[in-house]
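Quick notes on the structure that follows.
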Amino acid sequence: MHKHVLIYGPWLFLSLLGGMSQVSQMKKKYIGYTHFVKLAIEFGGRLILLRDDIECYYLNGGEVHRMEKDCFYDLSIIKADVVAVIPKDAGTFQGIKTLPGDAFRDNANRVGAALSF
């Protein structure tokens, strides 16, 4: 068994070592978006990012890719290791072309949410 396991639900994070803590509404929103994108990628769906208040990124083999607003994405051809959703203009990945998976996840989770495949 892992030393530290996180289980998330609609209202809280439960940690076997640390108890529970409330998760903000905004954090829940970003987590929900990451799950939506992950499922769309896993099932080879199609995606158009319509929201103005978020930015969506994915990591493929260490390369950081940004999904542009109002662009059509055929997710059956996208290979991703991690997907991240962050607030618009957070600047977290601005100008960054490559990152290790852990750094990508950690940086995204500081301001939004990230989900590994």
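FYI, the numbering for the sequence shown is -21 to -1, 1 to 96, going by mature numbering (1 follows the signal peptide of the UniProt record, and there is no 0).
For glycine and all other residues, C-beta sits at the position ideal for the given N, C-alpha and C.
Please read all numbers here as calculations on a predicted model, not as lab measurements.
N-terminal and C-terminal residue of the beta strand (DSSP E) that residue i is part of
| i | result |
| --- | --- |
| residue 120 | The question about residue 120 has no answer here: the residues shown for the chain are numbered -21 through 96. |
| Ala63 | Val61 to Pro66 |
| Ile33 | Ile33 to Asn39 |
Buried versus exposed call for residue i [16 or more other C-beta atoms within 10 Å across all chains shown]
| i | result |
| --- | --- |
| Met46 | buried |
| Glu42 | exposed |
| Leu18 | exposed |
| Asn39 | exposed |
| Glu21 | exposed |
| Phe96 | exposed |
| Arg89 | exposed |
Range of the contiguous alpha helix (DSSP H) that encloses residue i
| i | result |
| --- | --- |
| Leu18 | Gln4 to Glu21 |
| Phe83 | Gly80 to Val90 |
According to DSSP, residues forming a beta bridge with residue i
| i | result |
| --- | --- |
| Arg25 | Asp53 |
Reduced DSSP category for residue i - H, G, I as helix; E, B as strand; rest coil
| i | result |
| --- | --- |
| Thr77 | strand |
| Ala69 | coil |
| Leu94 | strand |
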